[in-house]
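Going down the list, the sequences are from chains Z and U. When you line the first sequence up against this note's numbering, it's residues 112 to 201, in that order. When you line the second sequence up against this note's numbering, it's residues 8 to 154, in that order. For glycine and all other residues, C-beta sits at the position ideal for the given N, C-alpha and C.
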Amino acid sequence: MRIVAVCGMGIGTSVLLKMNAEKVLKTLGIEATVEACDVATARRSAETANIVLTTPELVESLKGLPAEIISIDHFFDLHELNEKLSKALL
Amino acid sequence: MIAFGEGSLAVAVSAVDRDSAIRASGELLVASGRATPDYIDQMLAAVEEFGPYIVIAPGIALAHARPSRSVIETGLSLAVLAEPIEFGSHNDPVRLVFGLAAVDHEGHIEVLAALAERLSDEDFVNSLLNASTNDELGHLLLGETAQ
C-alpha cells in the first residue's frame, strides 16, 4: 500500500497529513508507506500510489491520476482521517 | 534545532486582512534571521496560488512558501493577531499565524510534528491566545518544541 499526502508546497500541510495518516493507519492495522510531496511532484509520484490524501482546493488539479483521491478538511482531525481511510481501505 | 528563533514571536499583532496577517508572520521570520524579505512575497504568492488551505485547523494558519534561496535557516515564527481575520477558509477566523521557512523538504518535519501535536490540545491553543507578552509566548512554545 502506498499513500501520497499532497499539498501545494510539500512542506507544511502534506507533512501534517502524512503524520496523522500514519497514526490512523497504525490503529487500523494497515501496512502502508506515506509520503508527503508538493502538487507538481505528486503528478509523477502518485502514478504508482494507491491513495492520494489532499486538501479540497487541490482535488481538481490531481484528477486523472489512477489513485483514489481523498480530500481532507481538517488535518488535525484523526476521526475524519480514520473514517475516510477506513472507507477506502477496509 | 531551535525552531523559534529570538524575535520570532509576537502577541497583539494588528492585521487588517489575510495578506497583512501573513506578512506579519513572515516579518518575524526575517527578524529572527530565518529568511530574507523576498520570502514574505513568496508566502503571499503561495496563498494566492494554492488557496486558504494553509489554515490548517480552526483559527490556526501555517503560512509558508517552498524551500528557496530566500530561506536562511529552517525555522518557525508566530504572530498572535489582536483581532481575528478571515482567510476564506472553513477554519476561519484566524487568530494564530505561524510562519514556516524550510531549507528542504525533510529537516523540519520533527519540529512541525511536535508543534502539531501540541496544537491539537485546545488548552494549549487557548494559552497561546491569552499570552500577554512575547516572553510568555516564548515560554509556552520553547518549553516544548525547541528540542
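Sequence-distant residues of its chain with Cβ nearer than 7 Å to residue 13 of chain U (five each side left out): The answer, listed in chain order, is 39.
Using a Cβ-Cβ cut-off of 7 Å, state whether residue 168 of chain Z counts as contacting chain U. Closer than 7 Å: yes.
Between the C-alpha atoms of residue 152 of chain U and residue 192 of chain Z, what's the straight-line distance to the nearest angstrom? Because the pLDDT at residue 152 of chain U is just 46, under 50, the model does not fix this residue reliably, and the point stays unresolved.
Please confirm whether residue 104 of chain U and residue 68 of chain U have their CB atoms less than 7 Å apart. The Cβ-Cβ distance between residue 104 of chain U and residue 68 of chain U falls below 7 Å.
N- and C-terminal bounds of the alpha helix (DSSP H) containing residue 51 of chain U: Here the alpha helix (DSSP H) through residue 51 of chain U covers 44-57.
Quick one, which of U/140, U/59 and U/78 has its alpha-carbon nearest residue 25 of chain U's? Of U/140, U/59 and U/78, the smallest CA-CA separation from residue 25 of chain U is found for U/59.
Pull the bridge partners of residue 84 of chain U from the DSSP assignment, please. Listed as beta-bridge partners of residue 84 of chain U by DSSP are U/106.
Chain Z residues whose Cβ lies nearer than 7 Å to that of residue 74 of chain U: Per Cβ cutoff of 7 Å: 122.
Return helix, strand or coil for residue 153 of chain U, following the three-state DSSP convention. Legend: pLDDT at residue 153 of chain U = 42, less than 50; position of this residue unreliable, value from coordinates given subsequently. In the three-state scheme derived from DSSP, where H, G and I count as helix and E and B as strand, residue 153 of chain U is classed as coil.
Chain-ordered chain U contacts of residue 140 of chain Z [CB-CB under 8 Å]: Neighbours of residue 140 of chain Z on chain U: none; closest Cβ ~22 Å, over 8 Å.
Is it buried or exposed, residue 154 of chain U, if we count other Cβ atoms within 10 angstroms and call 16 or more buried? Low confidence applies to residue 154 of chain U: its pLDDT is 39, below 50, so where it sits in the model is not reliable, and the reading given next is rough at best. Here residue 154 of chain U is exposed. Its C-beta has fewer than 16 other C-beta atoms within 10 Å.
Could you have a look at residue 188 of chain Z and say whether DSSP puts it in helix, strand or coil? Residue state, collapsed to three classes: coil.
Would you please verify whether the beta carbon of residue 163 of chain Z is less than 7 Å from any beta carbon of chain U? So no, residue 163 of chain Z is outside the interface.
At what residue ranges does the region 9-44 of chain U contain a whole run of the alpha helix (DSSP H), taking only runs of 4 or more? Listed in chain order, they are 25-38.
Distance, residue 119 of chain Z Cα to residue 90 of chain U Cα: Cα-Cα distance, rounded: 27 Å.
Take the Cβ of residue 74 of chain U as the centre, count every other Cβ of all protein chains shown within 10 Å, and call the residue buried at 16 or more, exposed below. With 16 or more other Cβ atoms within 10 Å, it is buried.
Assess contact between the region 18-33 of chain U and the region 136-146 of chain Z, defined as three or more Cβ pairs (one per stretch) separated by less than 8 Å. Is contact present? The answer is no - the region 136-146 of chain Z does not touch the region 18-33 of chain U, with fewer than three Cβ pairs under 8 Å.
Residues of the region 126-137 of chain Z in Cβ contact with chain U at a cutoff of 9 Å, in chain order, please. Going along the region 126-137 of chain Z in chain order, one finds 126, 127, 129, 130 and 131 with a Cβ nearer than 9 Å to chain U.
Go ahead and label residue 106 of chain U buried or exposed: buried means 16 or more other beta carbons lie within 10 angstroms of its beta carbon, across all protein chains shown. Within 10 angstroms of the beta-carbon of residue 106 of chain U lie 16 or more other beta-carbons, which makes it buried.
Simplified DSSP state of residue 165 of chain Z, which is helix, strand or coil: Strand at residue 165 of chain Z.
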